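Below is one structure, written out as structure tokens; comments come after it.
2 protein chains.
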Amino acid sequence: MKARVHVMLKNGVLDPQGEAVRHALGALGFDGVNGVRQGKVIELDLAEGTSEAEVTAMCEKLLANTVIESYSVELA
Amino acid sequence: MKARVHVMLKNGVLDPQGEAVRHALGALGFDGVNGVRQGKVIELDLAEGTSEAEVTAMCEKLLANTVIESYSVELA
Chain R
1 MKARVHVMLK NGVLDPQGEA VRHALGALGF DGVNGVRQGK VIELDLAEGT SEAEVTAMCE
61 KLLANTVIES YSVELA
Chain D
1 MKARVHVMLK NGVLDPQGEA VRHALGALGF DGVNGVRQGK VIELDLAEGT SEAEVTAMCE
61 KLLANTVIES YSVELA
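Here the protein sequences come in this chain order: R and D. Heads up, the final residue of the first sequence is numbered 76 in UniProt numbering, and it's a clean run with no missing numbers. Heads up, the final residue of the second sequence is numbered 76 in UniProt numbering, and it's a clean run with no missing numbers.
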């Protein structure tokens with residue numbers, strides 16, 4: 001089975017990487033880009049029967065820094 | 001309007017970051033993690049009426065390195 005985890009900086013946490021992308025898009029002539037946030041996607045190939053709770057534990061312990069990042073888990 | 005772009009390394013391209021995560025999960029006692037791929041998510045806050053073609057152009061020109069990365073665009 002597959003799981004996909006999204007890790008994004010929480011709202012209010014400065015995202016310099018996203019800000020750099022926003023500037024670069026403007027410099028390339030793309031108007032109307034009001035904001036950019038950049039995060040991570042982690043695609044996990046897991047043994048059958050792994051529970052969502054286990055994936056959440058992976059996020060809490062390793063994948064996300066929960067002080068500044070939020071995460072969401074999708075099982076597929 | 002919002003758009004979300006996923007950028008992942010193409011299949012066959014080595015992903016040392018994902019490999020490191022896989023190892024670390026094993027070391028933390030999570031069994032059954034067969035593979036991990038790590039990519040980027042970019043959330044764009046765009047002016048109303050921006051077309052998907054324009055977002056695709058952003059991907060081609062800046063957001064993804066199409067030699068080694070594939071991308072997908074979701075408009076919301």
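The beta carbon of each residue, even a glycine, is placed where N, CA and C say it ideally should be. Here the structure is a predicted model, which is why all the values come from computation and not from measurement.
**Report entry** Span of the beta strand (DSSP E) around residue 19/R
**Finding:** No beta strand (DSSP E) contains residue 19/R, which is instead part of the alpha helix (DSSP H) from 16–27.
Requested in this report: Could you tell me how far apart the beta carbons of residue 39/D and residue 5/R are, in whole angstroms, since I believe they sit closer than 8 Å?
Outcome: Between residue 5/R and residue 39/D the Cβ distance is about 11 Å, and since that is not below 8 Å, they are no contact.
**Report entry** Residues within the segment 42–54 of chain R neighbouring chain D, beta-carbon criterion of under 9 Å
**Finding:** 42, 43, 44, 45, 46, 47, 48, 49, 50 and 54
Query raised in the report: Are at least three pairs of beta-carbons, each pair with one atom in the segment 47–66 of chain R and one in the segment 25–35 of chain R, less than 8 Å apart?
Result: no
Query - Below-7 Å beta-carbon distance, residue 2/D vs any chain R residue - result: no
Query raised in the report: Looking at residue 8/D and residue 51/D, is the spacing between their C-beta atoms short of 7 Å?
Result: no
Requested in this report: Return the first residue and the last residue of the beta strand (DSSP E) that residue 13/R is part of.
Outcome: Run containing residue 13/R: none; DSSP gives neither H nor E here.
Query raised in the report: Anyone know if the C-beta pair for residue 68/R and residue 2/R falls short of 7 Å?
Result: no
Query - Rounded C-alpha distance that separates residue 74/D from residue 74/R - result: 16 Å
Report task. Starting from the beta carbon of residue 10/D, find every residue of chain R whose beta carbon is closer than 9 Å, and list them in chain order. Result -> Those within 9 Å of residue 10/D in chain R number zero; the least Cβ separation is about 13 Å.
Requested in this report: Reducing DSSP to helix, strand and coil, say where residue 1/D ends up.
Outcome: coil
Query - Span separating the alpha-carbon of residue 53/D from that of residue 16/D - result: 32 Å
Query raised in the report: Over what stretch of residues does the alpha helix (DSSP H) that includes residue 55/D continue unbroken?
Result: 52–58
Report task. Below 8 Å between beta carbons is the criterion; list the residues of the segment 16–27 of chain D that meet it against any residue of chain R, in chain order. Result -> 18, 21, 24 and 25
Query - Residue from 18/D, 76/D and 30/D with nearest C-alpha to residue 60/R - result: 30/D
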